[in-house]
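Okay, structure first, notes after.
Protein chains: 2
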Amino acid sequence: MKRVGIRDVAERAGVSISTVSNALNRPYLVSERLVDRVRSAADQLGYVPLQAAQQLRAGRSGLLGMTVINIANPFFADMVAGAEDAASAAGLRVLVGNSSDDVAKERDHLELFERVQVEGALVSPFGPLEPWLERLRGRGIPVVLVDAIDDTGELPSVSFDDVAGGRLAAEHLLASGRRRLAFVGAREEVRQVRERLQGARLAVADCAGATLEPIWTERTTSDRGVAFGEQLAARSAADRPDGVVTSNDHLAIGLVHGLISRGVRVPEDVAVVGYDDIEFAAIAGVPLTSVRQPAREMGRTAAEMLLARISGTAGADLGNVVYRPELIVRATTMSA
Amino acid sequence: MKRVGIRDVAERAGVSISTVSNALNRPYLVSERLVDRVRSAADQLGYVPLQAAQQLRAGRSGLLGMTVINIANPFFADMVAGAEDAASAAGLRVLVGNSSDDVAKERDHLELFERVQVEGALVSPFGPLEPWLERLRGRGIPVVLVDAIDDTGELPSVSFDDVAGGRLAAEHLLASGRRRLAFVGAREEVRQVRERLQGARLAVADCAGATLEPIWTERTTSDRGVAFGEQLAARSAADRPDGVVTSNDHLAIGLVHGLISRGVRVPEDVAVVGYDDIEFAAIAGVPLTSVRQPAREMGRTAAEMLLARISGTAGADLGNVVYRPELIVRATTMSA
DNA sequence: CTTCGATTTCGAACCGCTTCGATTGAAGAT
DNA sequence: ATCTTCAATCGAAGCGGTTCGAAATCGAAG
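So the protein sequences, as listed, match chains A and B.
Each residue of the first sequence is one higher than the one before, starting from 21 at the first, in this note's numbering.
Each residue of the second sequence is one higher than the one before, starting from 21 at the first, in this note's numbering.
What follows is the structure, encoded as structure tokens:
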């Protein structure tokens, strides 16, 4: 009913506690005979060293901190997976702080990271973070931005060219003859969404006679998509967009569902482009054309940059890696 | 460039470190004047107490451990969310160990839980865990099983009646006149899947002239579902099942996609029932009938039971809470 | 102006582990 | 036989907080 500590192991093996510690962590300092004895004593007792004590002494936690805007978004989930790949290859674990679109939570996570002495942090900033990041820097905790770029150029980053993504989507629709485009996206405050819209606007500006109507929504769940689909379907054909760029596949799949359930044909009447290329895009009722972001790779790259900074292999200026979009064309934009 | 410790705060506020600690944690012991002085000193310096040190002294981590079989499965993801709800209401955090269908990882997680001194553990056992759970018990760490029942009746648990779930799905198909059923499921070793099949078998046994063909797959991703759909579509109509129970919505949605892409009609030729009622079930090409499990509620209940055991409010025998399935009927089984 | 209890503040021990410097003993050098 | 040298082992000092009991301070009562 009691925890097994290093003392118990020492007693059982008949040695001092420092010898136990050495036998377990630096066996080359201890005679083979004793290493064996200590190891078997530890096994028999089921000894597990206490993380808190090790960490307190060592001053290192073996942890990377990572904040993501919303883990329910598969883009971020994949990014986390990529970061975990890289971290575990280096023998570190990743402590994930899910901000759930909440600025206050995001700040709390950075504080948590200090509490647990993360050795570095991967941050997908959502709210204004400068002062907090400044503080981490002051504490000597390296930071790499993910899915964002530091304007001041002080922090290295791994990001995605959202302007190009929005532009690619819109150009694809324009190329297939669509002219009345709509952009359905999450709140305008989100940089990623703003930039995608901006990209779409650039494409539209380059194309004579084309228009773009922005439509905003708070949440980007599939049922909101359904609602927008039904809403668009209720418009007269002339007033209805014939091409829609969305900021998110959930929204897009719902939108297509809503349109079709009201008798609007996809892609004949309205073509739709999603964003993220989630698993279900390919097997949706009408398979969805989508902009793919290499999330996992981005996460891995960011973690590797962070590890390089931690180990001091690289200076502060690892630069800004920017990934480019890829358009996966499927049925929702297939025919004219 | 240096961490701010309690000593720094003490110095700045002109008091001893014990007064700082008291002012911050038990302000009723300290004069208001000093509490203010200490608080503002702490704020100005950005003092954050080190978790490892607090934990080492207190012997408590403020953490619940939770292992899940695979977090990519939304059923488990929701369960985790439910547990987090309950835990954060009690001021605790949840340390999630994702086993990713890997028995070794699952064991490692339990060891991790000891290292970090979790105050209790929620375990969705996957591999054989008796010895490990026994050990946690020996260390005085309370455990509640989730999505499983302890045969020996020693551990409390929150689970789901998978036999009833399988039965419900099959009965629904039989009631709509289907007779040649198939069951497509993940590996037979998984208890949940075995029990669902068993439930389906019970239903079939009660219905004269009905048959059930089990089909096994390693992974249960949507692309496997597509493959099975195409495979079934290739059979002659007489040889093809007219009703399919799947162990998972991803599989089911893929299956429907595969069938339709090969010209088999759903639900006219083949009716399909999924499991989990994920977000996309409702907006799939053909909206999917599915067995719903109250994942979030299960997670919350389990965490509450665990908290009760930790605080000693309840004895070891909180019993086994079993949730019952609910069938959400949609288009994939609608007409005959 | 003492004396006493209550209140406020402080010093020091301790949580479990790692690590540095010291100790011991055996082997080799002189 | 004495002195080094080196390997193997151990004792004890912290890491950064919390907390207990002692010390200091203060006001009111004697």
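Here a beta-carbon is modelled for each residue, glycine too, at the ideal position from N, C-alpha and C.
Helix, strand or coil at residue i according to DSSP, with G and I counted as helix
| i | result |
| --- | --- |
| B/SER108 | helix |
| A/SER38 | helix |
| B/ILE235 | strand |
| A/GLU215 | helix |
| B/MET86 | strand |
| A/PHE146 | coil |
| A/ILE303 | coil |
| A/VAL100 | helix |
| A/ASN268 | coil |
| B/ASN340 | strand |
| A/VAL123 | helix |
| B/SER242 | helix |
| A/LEU65 | helix |
| A/ALA291 | strand |
| A/ILE298 | coil |
| A/SER310 | strand |
| A/ARG285 | coil |
| B/ILE348 | strand |
| B/VAL114 | strand |
| B/ALA257 | coil |
Nearest candidate by alpha-carbon position, reference residue i, set the options
| i | options | result |
| --- | --- | --- |
| B/ALA223 | B/GLY186, B/VAL213, B/GLU208, B/GLU131 | B/GLY186 |
| A/ASN93 | A/ARG350, A/ALA141, A/ALA206 | A/ALA206 |
| B/VAL138 | B/ASP262, B/GLY82, B/VAL342, B/VAL40 | B/GLY82 |
| A/ALA189 | A/THR321, A/GLN71, A/GLY263 | A/GLY263 |
| B/PHE300 | A/VAL286, A/PRO287, A/SER281, A/HIS277 | A/HIS277 |
| A/TYR343 | A/GLU208, A/ARG46, A/THR333, A/ALA168 | A/ALA168 |
| A/VAL210 | A/ILE348, A/ILE37, A/THR237 | A/THR237 |
| A/THR321 | A/ALA253, A/ILE348, A/ALA103 | A/ALA103 |
| B/GLU317 | B/ARG216, B/GLU191, B/GLY34, B/ASP105 | B/ASP105 |
| B/GLN313 | B/VAL290, B/ILE280, B/ASP289, B/ILE348 | B/ILE348 |
| B/LEU112 | B/ASP56, B/ARG80, B/SER51 | B/ARG80 |
| A/GLU191 | A/ARG127, A/LEU232, A/ARG157 | A/LEU232 |
| B/ASP182 | B/PRO151, B/LEU217, B/ASP171 | B/LEU217 |
| B/HIS129 | B/LEU153, B/ALA109, B/SER108, B/ALA110 | B/LEU153 |
| A/CYS227 | A/LEU142, A/ALA195, A/GLU150, A/PRO151 | A/ALA195 |
| B/ASP171 | B/LEU156, B/PHE180, B/GLU150, B/ARG155 | B/GLU150 |
| B/ARG155 | B/PHE180, B/ARG127, B/GLY173 | B/ARG127 |
| B/ARG255 | B/VAL290, B/THR240, B/ARG239 | B/VAL290 |
Own chain, CB closer than 6 angstroms to residue i, minus 5 neighbours either side, in chain order
| i | result |
| --- | --- |
| A/ASP296 | PHE95, ASP269 |
| A/LEU175 | VAL163, LEU165 |
| B/ALA272 | THR266, VAL292, GLY294, LEU308 |
| A/GLY400 | With chain A running from 21 to 356 in the structure shown, residue 400 of chain A is simply not present. |
| B/LEU338 | PRO176, MET325 |
| B/PRO145 | ALA168 |
| B/ASN340 | ILE169, SER177 |
| B/GLY245 | LEU271, GLY274, LEU275 |
| A/ALA107 | LEU84, VAL114, ALA323 |
| B/ALA253 | LEU279, ARG282, VAL284 |
Whole-number beta carbon distance between residue j and residue i, since they are thought to touch under 8 angstroms
| i | j | result |
| --- | --- | --- |
| A/PRO345 | A/VAL311 | 5 angstroms |
| A/ASP201 | A/ALA220 | This sequence places Leu at residue 201 of chain A; Asp is not what is there. Indeed they touch by this definition, with Cβ atoms about 7 angstroms apart. |
| B/ALA323 | A/LEU76 | The pair is not a contact, with the Cβ atoms about 29 angstroms apart (cut-off 8 angstroms). |
| B/GLU131 | A/VAL68 | 6 angstroms |
| A/ARG282 | A/GLU250 | 5 angstroms |
| A/VAL123 | A/GLY147 | 3 angstroms |
| A/ASP98 | A/ALA315 | 4 angstroms |
| A/THR353 | A/LEU193 | 7 angstroms |
| A/PRO287 | A/ALA351 | 7 angstroms |
| B/ILE303 | A/GLY274 | 6 angstroms |
| A/VAL204 | A/ILE235 | 5 angstroms |
| A/VAL40 | A/ILE26 | 5 angstroms |
Same chain only: Cβ atoms within 8 angstroms of residue i, ignoring 5 sequence neighbours per side
| i | result |
| --- | --- |
| B/VAL100 | MET86, VAL88, ILE91, VAL114, VAL116, GLY319 |
| B/LEU65 | VAL24, ASP28, VAL29, ARG32 |
| A/GLY229 | ARG199 |
| A/SER242 | HIS270, LEU271, ILE273, GLY274, HIS277 |
| A/PHE248 | VAL204, ILE235, THR237, LEU271, GLY274, LEU275, GLY278 |
Residues near residue i in its chain [Cβ-Cβ closer than 7 angstroms; skip 5 each side]
| i | result |
| --- | --- |
| B/LEU49 | ASN42 |
| B/ARG159 | GLU134 |
| B/LEU61 | Leu is not the amino acid found at residue 61 of chain B; the sequence shown has Ala there. Hits under 7 angstroms: VAL29, ARG32, ALA33. |
| A/LYS125 | SER119 |
**Item:** Within the segment 135-200 of chain B, ranges of the alpha helix (DSSP H) (whole runs, at least 4 residues)
**Value:** Counting only runs of 4 or more, we get 150-158, 182-195.
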